[in-house]
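To start, the structure itself, in structure tokens.
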Amino acid sequence: MLSRTADNLYWVARNMERIENLARIIRVADRLSLMPVVPAGDDSLGDEWQSAIIVSGSSEGFYAKYEEATPEAVISYIAFDPENPSSIRSCIETARRNARAIRTALTTEMWDCLNTTWLELPKWNESRVRGSGLHRFLDWVKDRALLFFGSTQATMLRRDSLYFAQLGTFIERGDNTARILDVKYHILLPEHAPVGSAVDYYQWSSILRAVSGFRSYYVLYKDGIKPWRVAEFLTIEEQMPRSLVNCMSRINENLLLLGDQYGQRHECHRTAGRLQSRLRFSRIDDIFRQGLHEFLTEYIEQNNQLGQEISKSYLLG
Amino acid sequence: MASDILTAIFDEMGSGQGSIRPAYRKLSEWLAETPPNMLALRRDEAETFFRRTGITFAVYGEGGDPERIIPFDIIPRIIEAQEWKRISAGLVQRVRALNAFIADVYGKQEILKAGLIPENQVLMNATYRHEMQGVSVPRDIYTHIAGIDMVRVGPDEFYVLEDNCRTPSGVSYMLENREITMRLFPDLFSRYNVAPVDHYCDDLLYTLSSVAPRNCESEPTVALLTPGIYNSAYYEHSFLADQMGIELVEGPDLYVKDDIVYMRTTEGPRRVDVLYRRLDDEFIDPLVFNPESVLGVPGLMSAYRAGNINLANAVGSGIADDKATYVYVPEMIQFYLGEKPILRNVPTFQCNRPDEYKYVMENLHELVVKEVHGSGGYGMLIGPKSTRAERDEYALRVKAQPDQFIAQPTLALSTCPTFVDDGVAPRHVDLRPFVLAGSEIRVVPGGLTRVALREGSLVVNSSQGGGTKDTWVLNEK
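Heads up: the protein sequence lines correspond to chains A and B, in order.
The numbering of the first sequence is this note's numbering, which starts it at 2 and goes up by one.
The numbering of the second sequence is this note's numbering, which starts it at -14 and goes up by one.
As structure tokens, then:
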């Protein structure tokens, strides 16, 4: 297939995955802001809207425009701001524009999903998401992203075009899980365990909700929320669909399928294989010994590096 | 001068003329039994379908919605098998002659030597490409996909208004309109025996593959070159590429090495044999034509001239569809094929001929005056609908550059029943059938019917408020 087509597919999928993550980030911030106020002196935990900006990776642009992370400003910037290239609105517009340039590579269902999403987008704006409107909007975003993911899985031929789309999805998803964990890593340190206050509980559960893993966690551990288990769940638990190890396994899997189809492997195959085995054979104790923050920073860098290698081998370099 | 084509308006259904014409009887019954609010509902459904599928067409220089949909009129236009037989034979004949003419212009130029067409008119024409002189193209075919614009003025009177030999668009509407009518009105559709059109894309791929370069040994690789998503007909480009299962490429996806054209793919370079280009001559190769073009492929012309790739339509095909060349098509048919033209031309006055210029200037109020190189219904004067001031102003332009204008009598375009705000009413229509020329000439039974939605309007162009209709050609019983 054309390199440009592969590149566009990859970015369409990344953008559609990103909107779902952004919607979750807003939802969690909103939920936490309704919780009892955090004790004074612990302001790093307190400002949920500020951490939403950090997790979404848009601090620089946001603070160039706003002085303070008020809920209105954060929602406006992350959800609707056309100047923010990573706002939900910009991502949908980019995905649809990319898709339009490669319509022949998309199935009818995928195109229909993207085009309808784009057509419905103008119905949403700052004034429509006040109060309970916010959750209707976030539900809409999540539904559109899941519909896109589902139609990709259900309707694409099992060949290169699907593999490139999936690479986009899982590179983006792994990056997002790592960022969410990283912003909250300080409350997951083992020494935090004895605290066990209500506020901590909400913080931990918020991380799980941010990655759609709240109920899954209970299914898997059949136990109350323990911070080190949350960290384990999101990094090296293979059953968890958004865990780092699972994202890397899916990336590796799709690269191997591409290698089989084309009869040729590249540097990205070696990198992905190495990263996957490292995650698979890690124990959570080792990760804490290295330092969760260091571990996550390294993951984000390597994941990014892997994305560039994939681009060099197959896409537009 | 055939004055009968100017007067009475022919309605294809026969409304207001005594009796309903046979082909329209069942439609007329169906219209009578279908309540208007049902039609309105179906029209809204059709619009939703077009929006959701993204079947859009940009109109230049207007601002507003960059992805607007062309209004679709839900009432089909019906053409009898016998009527179509004649049209189809006429189209094949015309396209054979047009191809023979282009091959002659870039070859021995016999028609010029015979003095049938003034040499200057061809060789000094802006659409003539000297780069093509002496270049041979596979099967001597230049216009592989031609769209012939026709109008009807009476039961048996079809006229060719214009030939489009470069990159005619609109065929996707022919196909999608059929799709939507079958979906919205299965009951009406099943009352008729309508000839199918959906094999058009198969025929198109067959045509393109049949003109692969001689040195192409295996199954040719065909690709469609588009200017990109901002082009007004982008939807059509992607639709056609999709239906044919070929790559839709943009200029930067291609490169030329040693006079061979390659696509950049995820598996490395892949050679391209036939390029269905929907990009004008001026933009296809910045090394030869417009050096500013970023839409084209540097070196493409060199690969083309070396015979390593074929382009459809050929570079320089525009020489055959120029409005000044149009006048000579009947002579071409006689000259190259030794046949009598089956389809008629509209009588045309060339303003560069002193006697005809005089007639035009004296009769502006009755004539349609067009720019020779204009298209899309822009820059024309419709005499009977113009004001005195408009005519005076237009006369000054003609006077300044007579060779840039032609004039034709104002045709009474036929009308078809159309669903408009105040119910079903007659509106003027034209017809663009598509002709494919490769190892053989094929015409899919149908075409794009354009309809002027404003009452009394004769301008059917989508850029001027025109809509489209599904066109049903009936099978013989």
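Positions of the beta carbon are idealized from the N, C-alpha and C atoms, including for glycine.
Query	Result
Return helix, strand or coil for LEU260 (chain B), following the three-state DSSP convention.	strand
Taking 9 Å as the cut-off, decide whether the C-beta atoms of SER399 (chain B) and ARG137 (chain B) are in contact.	yes
Where do the N-terminal and C-terminal ends of the alpha helix (DSSP H) with PRO83 (chain A) fall, by residue?	From DSSP, PRO83 (chain A) is part of no alpha helix (DSSP H); its letter is neither H nor E.
Can you list the residues of chain A that ARG36 (chain B) reaches, using a CB-CB cut of under 7 Å?	LEU120
Beta carbon of PHE419 (chain B), beta carbon of ILE130 (chain B): below 9 Å?	yes
Which residues, in order along the stretch 230 to 242 of chain B, keep a beta-carbon less than 9 Å from a beta-carbon of chain A?	GLY230, ILE231, GLU232, LEU233, VAL234, GLU235, PRO237 and ASP238
Where does ALA102 (chain A) land, buried or exposed, given buried means 16+ other C-beta within 10 angstroms?	buried
If you measure beta-carbon to beta-carbon, which residues of the stretch 100 to 116 of chain A are closer than 8 Å to chain B?	ARG101, ALA102, ILE103, ARG104, THR105, TRP112, ASP113 and ASN116
Give me whichever residues DSSP pairs with ILE55 (chain B) in a beta bridge.	Paired residues: none, contrary to the question.
For chain A, is any of its Cβ atoms less than 9 Å away from the one on ASP125 (chain B)?	no
Distance, Cα to Cα, LEU433 (chain B) vs ILE72 (chain B)?	14 Å
Can you pull out the residues from the stretch 247 to 262 of chain B whose beta carbon lies closer than 7 Å to at least one beta carbon of chain A?	MET248, ARG249, THR250, THR251 and GLU252
Going by the CB atoms, is the gap between GLY301 (chain B) and ASP266 (chain B) shorter than 9 Å?	yes
Could you pull out every residue in the same chain whose Cβ sits closer than 7 Å to the Cβ of CYS150 (chain B), ignoring the five residues on either side in sequence?	LEU83, THR128, ALA131, ASN298, SER302, GLY303, ALA305 and ASP306
In the DSSP assignment, find the unbroken beta strand (DSSP E) run with ASN295 (chain B) in it and report its ends.	295 to 297
Can you give me the Cβ contacts of MET167 (chain B) inside the same chain, cut-off strictly under 7 Å, excluding the 5 residues immediately before and after it?	PHE174
Nearest-angstrom Cα distance between ALA437 (chain B) and GLU14 (chain B)?	24 Å
Among the residues of its own chain, which have a CB less than 6 Å from the CB of ALA166 (chain A), if the five just before and after it don't count?	LEU10, ALA14 and THR153
So, at 6 Å on beta carbons, what are the nonlocal neighbours of SER424 (chain B) in its own chain, with the 5 sequence-adjacent residues on each side left out?	SER195
First and last residue of the beta strand (DSSP E) that includes TRP457 (chain B)?	451 to 458
Which residues mark the beginning and the end of the alpha helix (DSSP H) in which LEU502 (chain B) is found?	Chain B is shown only over -14 to 462; residue 502 (chain B) falls outside these bounds and no answer can be derived.
Compute the beta-carbon to beta-carbon distance between ALA7 (chain A) and ASP161 (chain A), rounded to the nearest angstrom, for a pair I have assumed lies under 8 Å.	7 Å
State the beta-bridge partners of GLU316 (chain B) as determined by DSSP.	BP columns for GLU316 (chain B) are empty, so no partner.
Buried or exposed for GLY451 (chain B), going by 16 or more other Cβ atoms inside 10 Å?	buried
Taking 8 Å as the cut-off, does the stretch 311 to 327 of chain B touch the stretch 228 to 238 of chain B (at least 3 CB pairs, one atom from each stretch)?	no
List the residues of chain B whose Cβ lies closer than 9 Å to the Cβ of MET2 (chain A), in chain order.	GLU232, THR250, THR251 and GLU252
Give the range of the alpha helix (DSSP H) segment to which GLU232 (chain B) is assigned.	No alpha helix (DSSP H) contains GLU232 (chain B), which is instead part of the beta strand (DSSP E) from 232 to 234.
Which residues in chain B sit within 8 Å of ARG210 (chain A), going by Cβ to Cβ distance?	Chain B residues near ARG210 (chain A): none, gap ~33 Å exceeds 8 Å.
Please compile the residues from chain B whose C-beta is within a distance smaller than 9 Å of the C-beta of ALA96 (chain A).	Near ALA96 (chain A) there are no residues of chain B at all, since even the closest Cβ is about 13 Å away, more than 9 Å.
Show which residues of chain A have a CB atom less than 9 Å away from the CB atom of SER223 (chain B).	ARG101, ALA102, ILE103, ARG104 and THR105
Quick check: is the beta carbon of GLY39 (chain B) nearer than 9 Å to any beta carbon in chain A?	yes
Please report whether the beta-carbon of THR6 (chain A) lies at a distance below 9 Å from any beta-carbon of chain B.	yes
Would you kindly report the start and end of the unbroken alpha helix (DSSP H) that includes GLU173 (chain A)?	161 to 185
Measure the C-alpha to C-alpha separation of TYR91 (chain B) and ASP29 (chain B) and round it to an integer number of angstroms.	50 Å
Just to check my reading of the structure: ALA273 (chain A) and ILE301 (chain A) have Cβ atoms closer than 8 Å, yes? What is that Cβ distance to the nearest angstrom?	That pair is no contact at about 15 Å.
For the alpha helix (DSSP H) containing ASN36 (chain B), name the first residue and the last one.	As written in the sequence, residue 36 (chain B) is Arg, which differs from the Asn given in the question. ARG36 (chain B) -> alpha helix (DSSP H) spans 21 to 38.
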